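A quick write-up on the structure given underneath.
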Ligand SMILES: [Zn+2]
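Numbering (our numbering), first residue to last: 5 to 254.
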């Protein structure tokens, strides 16, 4: 009997289930705790709200105070979602509060600011996702990355396992949540004349996540140059949304 039950058990445990509310909340909690001190220093006290009415968004941090993060129960409908796939979207939301310039006014005439969409993405890959990933998990997830993607990432200056895992998880989240295909071997060639504050194309977002993963040193946090030649070796923010003139004027 044992030799029948064991393969059956293996089959059952390998099947990817959707996440539970507790799973989702535990990931948000660890993301929040990882940046708790920085948030308190900025007087950001975030109230968590579990909801089934987050418009079209799965996760959204409120504009204005009191600060709220709304997490949609639609996240429980994704069959292949894993806890690690949530790091990217929770880190993005924190990026609006902790990502630094370029900023967007929360309301016209209001002096409070939040980081623009591209900067929230850059922060997610540069400062947040890596903090949530223990070394053992990095090694595990690294095995999922295809050889083509590993080569493509190396070409873009993303050479360490940690960098590649952050880029890979970002790509997975983008594709899962937007339904759009994005490529590690391509980039968005669009060039902005001023920083674009709103949500960027999926490919432009992937370019930003990869750049953020490459540029993980705290020292060049305010690196003010774009990748004018479409090279990512220094982790500069891509020109599909970022323009340095808006940093220099802050
Ligand atoms: Zn956002």
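Ideal placement from N, C-alpha and C gives every residue a C-beta, glycine not left out. These figures come from a predicted structure and were not determined experimentally.
Beta carbon of residue i, beta carbon of residue j: below 9 Å?
i: residue 137; j: residue 169; result: yes
i: residue 192; j: residue 208; result: yes
i: residue 126; j: residue 99; result: yes
i: residue 240; j: residue 195; result: no
Report the residue from the options whose alpha carbon sits nearest the alpha carbon of residue i.
i: residue 247; options: 106, 209, 145, 60; result: 106
i: residue 43; options: 28, 162, 95, 23; result: 95
i: residue 90; options: 75, 117, 194; result: 75
i: residue 197; options: 160, 164, 128, 249; result: 249
i: residue 62; options: 162, 178, 109, 47; result: 178
i: residue 39; options: 72, 101, 21; result: 101
i: residue 186; options: 212, 73, 245; result: 212
Could you spell out the range, first to last residue, of the beta strand (DSSP E) harbouring residue i?
i: residue 22; result: Careful: residue 22 lies outside any beta strand (DSSP E) and carries neither H nor E.
i: residue 72; result: 72-76
i: residue 51; result: 51-55
Opposite residue i in the DSSP bridges: which residues?
i: residue 158; result: Per DSSP, none; premise fails for residue 158.
i: residue 173; result: Note: residue 173 sits in no beta bridge, so no partner.
i: residue 109; result: 117
i: residue 63; result: 75
Tell me where the alpha helix (DSSP H) around residue i begins and ends.
i: residue 79; result: Residue 79 -> no alpha helix (DSSP H), and no H or E assigned at all.
i: residue 217; result: 206-218
i: residue 96; result: 91-102
i: residue 149; result: First-last for residue 149: undefined, no H or E at that position.
Note to self: Could you check whether the region 58-68 touches the region 147-161, counting it as contact only if at least three pairs of C-beta atoms, one from each stretch, sit closer than 8 Å?
What the structure shows: Contact fails between the region 58-68 and the region 147-161, because fewer than three Cβ pairs, one in each stretch, are under 8 Å apart.
Check: Does the region 119-137 touch the region 182-201, meaning 3 or more C-beta pairs lie closer than 8 Å?
Finding: yes
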